[in-house]
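S.K.: As given, the protein sequences belong to chains A and B, one line each in that order.
Just so you know, we're using UniProt numbering here: the first sequence kicks off at 1 and counts up by one.
Just so you know, we're using UniProt numbering here: the second sequence kicks off at 1 and counts up by one.
Think of the CB as a built atom: it goes at the ideal place given N, C-alpha and C, for glycine as much as any other residue.
Dumping the structure here so I can ask a few things about it.
Protein chains: 2
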Amino acid sequence: MKGEVKLGILGGGQLGRMLLQAGLDFNLYTLVLDPDEHAPCKAICHEFFVGSFRDFDTVYAFGKKCDILTIEIEHVNADALEKLEQEGVKVYPDAQTVRTIQDKGLQKEFYRKHSIPTSDFILVREKEELLENLGFLPAFQKLRREGYDGRGVTRLASEGDLEKAFAAPSVLEKLVDFEKEISVIVARNASGEVTAFPVVELSFHPEHNLVDSLFAPANVPYKLQRLAIEIATRVIEAFGMVGILAVEMFLTKDGQILVNEVAPRPHNSGHHTIKANYTSQYEQHLRAILDLPLGATDIQSAAVMLNLLGESGYDGEAAYEGLQEALAVPGVYIHLYGKKYTRPARKMGHITVLGQTIEEAQQRAASIRNVIKVKA
Amino acid sequence: MKGEVKLGILGGGQLGRMLLQAGLDFNLYTLVLDPDEHAPCKAICHEFFVGSFRDFDTVYAFGKKCDILTIEIEHVNADALEKLEQEGVKVYPDAQTVRTIQDKGLQKEFYRKHSIPTSDFILVREKEELLENLGFLPAFQKLRREGYDGRGVTRLASEGDLEKAFAAPSVLEKLVDFEKEISVIVARNASGEVTAFPVVELSFHPEHNLVDSLFAPANVPYKLQRLAIEIATRVIEAFGMVGILAVEMFLTKDGQILVNEVAPRPHNSGHHTIKANYTSQYEQHLRAILDLPLGATDIQSAAVMLNLLGESGYDGEAAYEGLQEALAVPGVYIHLYGKKYTRPARKMGHITVLGQTIEEAQQRAASIRNVIKVKA
């Protein structure tokens, strides 16, 4: 390795920020593109560009400056990625994978085609089609494109819910009677080596429909953990992509594992790995896209991760309450994302709580759960 | 906590860089002063100033921009620190502590005054005084000021060595017949809370007289580990300083522990804590100077840390060999410091090797010890 690798990141939010933080250890030259001039990555990359990662020309021009181009959000211009690939830029994940994943309809069809277990679904284009498929309810209706962090998802229990249905191309997914939601982060490097992080268990925010907390290791029988890892490995190999892929899955009450959806980038369900595992998801992504051997994913400590969301009713310059009290509990670590402004349910940071056992980590987490608040 | 804390760091080398890396989690606004326009901190702080941290006016002007001022090297202008303290800047470590520590003569007198066990010594001003103290040899002669990373230290076994003696104010330290060199990093926050990291064992480079490798936990009887931690705690409490203090000690063949020297800042003997301990030395320093509760110092994994020095015979733009091979070994992590140019024995990075046991970490470390090379 001589001279600096020029790594470009599409998106300058917290995932990009933690990727840059890990990237310091690899002497990279970093460039970031984000529409927000106050994006969390701004002050810590070599070159920051304000612009839209959805715009062909902007992404193409940005990508031409890079040796390797990666993403921290999948809603990017895939046509530009494809052209950059053709012109020799290493685009990880590749345009084809991004295109499939950013459309939840294509994503579901991909699982079906590759015999990857997933819930039953129907693709609908407009509201009228829902009326023709009332027998399919209860179901989740998900917008095919642009959904993120719980936006673009609605639960339709019966005909009476149709007024809140989306009138846009969407996926109608059969409601899964699940016992748990779990996630496995897998990585694949350009040489084809694949590794998986241990299974984590997710708990979602009842109102905002985004990850509220997770704990690792998951309280799931060993055999099902093996199965979840096997499925996640099959998914990343089916995509043939390079980088990390977070595979969110349902563990059903009758012991099946169904893939819910995936993200081809660092993911909220892997934040705890920074503190708790040998290799963090961020370093693993870097190793994968730099085509270095992947790191060991062993757990060093049990962990609970709590998302730190902006409090309801506060909008403006962020102020953090309760840090003193929370950090006084052993094993508690705060990761703030450098966002100047808070708004209700905005992801402002996360807290990792370590313990020698998951019970210890959970007890510590319970004691600080509502202590840190982000107000304005 | 509302609004950003403005943290200034005197020195922009690798220690500052890893401090900034940890500081991302705390939403700090960071300023760095270093004479080298290519310093490792340059691209990752909010404001970078090229200038001398030894110059009164430069340090004073820089410090006036900061809420909290800290150091990553102790050879800074202590008079400027003192004036800044008087004018309300939080200077951690304080001017008085820095002044004592940056003069190895004052440092030794401090230990004597506070009944902290240390090797016997004489202060000498010029070469002639050495002749009057030949009976004190064999001894190390250390320059009182400006020694760093093995520079400014010479071993005088007998009269015949006097030609290589320094002709400057120095400390003549009785040679200690030690079994091991160990280090304990202690931290003290502004509220007076003190914690210690577990004892680590150091191995020095035979030629360059700087840390070559360390392993943790140290292979030292429990009782002596307790004693080492107790002594390190007494040292930081005697200074009454805020921040972290690395206390290097000799474990003598007759079971005594003697303080060798201290550094009031992140230290080479704490690099492994980034990967191996609950809290890293960098986060601990930040918690201390932000007056947050100190973190748990528990070991998550056993670790060996290897310094990555520039190869002899190479001077110029750095190129790294052997990364692929080394990173293929489980538990191996590389931390490069972003230095553009290498020269013989320059600290270019470090490698942390984790294992479930120290034996496992040592075996892994042995297998990669000479694999990574920094050439030009």
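Taking C-beta pairs closer than 7 Å, name the residues in chain A that asparagine 27 of chain B reaches, listed in chain order.
M.R.: As a working note, residue 27 of chain B is residue 27 in the second sequence. Within chain A, the residues near asparagine 27 of chain B are Leu336 and Gly338.
S.K.: Just the C-alpha distance for proline 264 of chain B and histidine 285 of chain B, rounded to the nearest angstrom, thanks.
M.R.: For the purposes of this step, residue 264 of chain B is taken as residue 264 along the second sequence, with counting starting at 1. For the purposes of this step, residue 285 of chain B is taken as residue 285 along the second sequence, with counting starting at 1. When rounded, the distance between both Cα atoms is 10 Å.
S.K.: Once you ignore the five residues that flank arginine 17 of chain B on each side, which residues in its own chain have a CB closer than 8 Å to its CB?
M.R.: Stepping through the second sequence from its first residue, residue 17 of chain B is reached at position 17. For arginine 17 of chain B, where only same-chain residues beyond five positions count, the Cβ hits under 8 Å are Pro40, Cys41, Ile44, Tyr337 and Gly338.
S.K.: Checking contacts by CB at 8 Å: is isoleucine 293 of chain B closer than that to chain A?
M.R.: The residue given as residue 293 of chain B occupies position 293 in the second sequence. Correcting the residue identity first, residue 293 of chain B is proline in this sequence and not isoleucine. Yes, proline 293 of chain B lies at the interface with chain A (some Cβ there is under 8 Å from its Cβ).
S.K.: Can you list, in chain order, the residues of its chain whose CB lies under 7 Å from that of alanine 296 of chain B, leaving out five sequence neighbours each side?
M.R.: Walking along the second sequence from the start, residue 296 of chain B turns up at place 296. The residues are Tyr278 and Thr279.
S.K.: Can you tell me the Cα-Cα spacing of leucine 123 of chain B and asparagine 133 of chain B, whole angstroms?
M.R.: As a working mapping, residue 123 of chain B is identified with position 123 in the second sequence. As a working mapping, residue 133 of chain B is identified with position 133 in the second sequence. Computed Cα separation, rounded: 11 Å.
S.K.: On the CB-based measure, 16 or more other CB atoms within 10 Å of its CB, does arginine 151 of chain B come out buried or exposed?
M.R.: Sequence index remark: in the second sequence, residue 151 of chain B carries index 151 (1-based). Looking at its Cβ environment, which holds fewer than 16 other Cβ atoms inside 10 Å, arginine 151 of chain B is exposed.
S.K.: Over what stretch of residues does the beta strand (DSSP E) that includes leucine 251 of chain A continue unbroken?
M.R.: Numbered from 1 along the first sequence, position 251 holds the residue referred to as residue 251 of chain A. Per DSSP, leucine 251 of chain A belongs to the beta strand (DSSP E) from 243 to 252.
S.K.: For the beta strand (DSSP E) containing phenylalanine 56 of chain A, list its first residue and its last residue.
M.R.: The residue labelled residue 56 of chain A in the question sits at position 56 within the first sequence. Careful: phenylalanine 56 of chain A lies outside any beta strand (DSSP E), inside the alpha helix (DSSP H) at 56 to 63.
S.K.: In terms of DSSP beta bridges, what is alanine 139 of chain B paired with?
M.R.: Residue 139 of chain B sits at position 139 when you count from the first residue of the second sequence. Its beta-bridge partners are B:Leu156 and B:Lys174.
S.K.: Go ahead and pull the three-state DSSP assignment for serine 115 of chain A.
M.R.: Here residue 115 of chain A refers to the residue found at position 115 when the first sequence is read from its first residue. Coil.
S.K.: Where does aspartate 34 of chain B sit, in a helix, a strand or coil, going by DSSP?
M.R.: As a working note, residue 34 of chain B is residue 34 in the second sequence. Three-state result, aspartate 34 of chain B: strand.
S.K.: In whole angstroms, give me the CA-to-CA distance for glutamine 141 of chain B and arginine 155 of chain B.
M.R.: Here the question's residue 141 of chain B lines up with position 141 in the second sequence. Here the question's residue 155 of chain B lines up with position 155 in the second sequence. Going from the Cα of glutamine 141 of chain B to the Cα of arginine 155 of chain B covers about 6 Å.
S.K.: Quick one: which unbroken beta strand (DSSP E) runs of 3-plus residues sit fully inside the segment 199 to 283 of chain B? Chain order, please.
M.R.: Here the runs fully enclosed are 200 to 204, 211 to 216, 243 to 252 and 257 to 263.
S.K.: Quick check: the segment 192 to 200 of chain B against the segment 225 to 239 of chain B, are there 3 or more CB pairs under 8 Å?
M.R.: Yes, the segment 192 to 200 of chain B touches the segment 225 to 239 of chain B.
S.K.: Checking the sheet assignment: what are the DSSP bridge partners for lysine 127 of chain B?
M.R.: Walking along the second sequence from the start, residue 127 of chain B turns up at place 127. DSSP lists no partner for lysine 127 of chain B.
S.K.: In chain B, which residues lie less than 8 Å from arginine 17 of chain A when you measure between Cβ atoms?
M.R.: Numbered from 1 along the first sequence, position 17 holds the residue referred to as residue 17 of chain A. Under the 8 Å cutoff, chain B gives Leu24.
S.K.: Run through the DSSP bridge pairs and tell me what phenylalanine 110 of chain B is partnered with.
M.R.: On the second sequence, residue 110 of chain B is found 110 positions in, with the first residue counted as 1. Note: phenylalanine 110 of chain B sits in no beta bridge, so no partner.
S.K.: Find the nearest neighbour of aspartate 291 of chain A within the set B:Asp291, B:Thr273, B:Gly270 and B:Ala328, judged by alpha-carbon distance.
M.R.: Position 291 of the first sequence, counted from the first residue, corresponds to residue 291 of chain A. Nearest C-alpha to aspartate 291 of chain A: B:Ala328.
S.K.: Round the Cβ separation of threonine 342 of chain A and histidine 271 of chain A to the nearest angstrom and send it over; I've been treating them as touching at under 8 Å.
M.R.: Numbered from 1 along the first sequence, position 342 holds the residue referred to as residue 342 of chain A. Numbered from 1 along the first sequence, position 271 holds the residue referred to as residue 271 of chain A. Going by Cβ atoms, the distance from threonine 342 of chain A to histidine 271 of chain A rounds to 19 Å, so no, they are not a contact pair.
S.K.: Cβ of alanine 238 of chain A within 8 Å of Cβ of isoleucine 368 of chain A?
M.R.: On the first sequence, position 238 is the one that residue 238 of chain A refers to. On the first sequence, position 368 is the one that residue 368 of chain A refers to. Taking 8 Å as the Cβ cut-off, alanine 238 of chain A and isoleucine 368 of chain A do not qualify as a contacting pair.
S.K.: Indicate whether valine 374 of chain A and glutamate 317 of chain A have their beta-carbon atoms separated by less than 8 Å.
M.R.: Counted from its first residue, the first sequence places residue 374 of chain A at position 374. Counted from its first residue, the first sequence places residue 317 of chain A at position 317. No, the pair does not count as a contact, with Cβ atoms beyond the cut-off.
S.K.: Using a Cβ-Cβ cutoff of less than 6 Å, which residues in the same chain neighbour isoleucine 274 of chain A once the five nearest sequence positions on both sides are dropped?
M.R.: On the first sequence, position 274 is the one that residue 274 of chain A refers to. So the list reads Ser280, once near-sequence residues are dropped.
S.K.: Thinking leucine 162 of chain B and leucine 202 of chain B are a contact (beta carbons under 8 Å), I'd like their distance in whole angstroms, please.
M.R.: Working through the second sequence from its first residue, we reach residue 162 of chain B at position 162. Working through the second sequence from its first residue, we reach residue 202 of chain B at position 202. The Cβ separation is near 29 Å, so there is no contact.
S.K.: For histidine 114 of chain A, tell me which candidate among A:Val259, A:Lys347, A:Pro35 and A:Leu227 has the shortest Cα-Cα distance.
M.R.: Translated into positions along the first sequence, residue 114 of chain A becomes position 114. Ranking the options by Cα distance to histidine 114 of chain A, first place goes to A:Val259.
S.K.: Using a beta-carbon distance below 8 Å, is serine 301 of chain B in contact with chain A?
M.R.: In the second sequence, counting from the first residue as 1, residue 301 of chain B sits at position 301. Serine 301 of chain B counts as touching chain A.
S.K.: Who are the Cβ neighbours of lysine 2 of chain A in its own chain at under 8 Å, not counting the five residues just before and after it?
M.R.: Translated into the one-based positions of the first sequence, residue 2 of chain A becomes position 2. Model confidence at lysine 2 of chain A stands at a pLDDT of 49, short of 50, so the residue's coordinates are unreliable; what they give is reported in the following sentence. Nothing listed; no residue qualifies.
S.K.: Compare the C-beta of histidine 46 of chain A against all C-beta atoms of chain B and say whether one is closer than 8 Å.
M.R.: Position 46 of the first sequence holds residue 46 of chain A. It does: the Cβ of histidine 46 of chain A has a partner Cβ on chain B nearer than 8 Å.
S.K.: Per DSSP, isoleucine 68 of chain B is paired with what?
M.R.: By one-based count along the second sequence, residue 68 of chain B stands at place 68. Beta-bridge pairing links isoleucine 68 of chain B to B:Leu7 and B:Lys90.
S.K.: Name the two residues that bound the continuous alpha helix (DSSP H) containing leucine 323 of chain B.
M.R.: Taking the first residue of the second sequence as 1, we reach residue 323 of chain B at position 323. Counting along the chain, the alpha helix (DSSP H) containing leucine 323 of chain B begins and ends at 323 to 327.
S.K.: What does the Cβ neighbour count give for lysine 108 of chain A, buried or exposed, with the cut at 16 atoms within 10 Å?
M.R.: Numbered from its first residue, the first sequence carries residue 108 of chain A at position 108. Buried.
S.K.: Taking only beta-carbon atoms, is leucine 323 of chain A less than 8 Å away from chain B?
M.R.: Here residue 323 of chain A is taken as the residue at index 323 of the first sequence, counted from 1. Yes, leucine 323 of chain A lies at the interface with chain B (some Cβ there is under 8 Å from its Cβ).
S.K.: Can you pull the chain A neighbours of leucine 309 of chain B, defined as C-beta to C-beta under 8 Å?
M.R.: Taking the second sequence and counting its residues from 1, the one referred to as residue 309 of chain B is at position 309. In chain order: nothing, as chain A lies at least about 16 Å away.
S.K.: Starting from proline 198 of chain B, find everything on chain A with Cβ-Cβ shorter than 8 Å and list it in chain order.
M.R.: Here residue 198 of chain B corresponds to residue number 198 of the second sequence, with the count starting at 1. In chain order: nothing, as chain A lies at least about 15 Å away.
S.K.: Per DSSP, methionine 305 of chain B forms a beta bridge with which residues?
M.R.: Counting from one through the second sequence, the residue named residue 305 of chain B turns up at place 305. Answer is B:Leu214 and B:Thr352, bridged to methionine 305 of chain B.
S.K.: Once DSSP output is grouped into helix, strand and coil, what is the label at arginine 188 of chain A?
M.R.: Your numbering for residue 188 of chain A matches position 188 in the first sequence. The answer is strand: DSSP assigns arginine 188 of chain A an E or B state.
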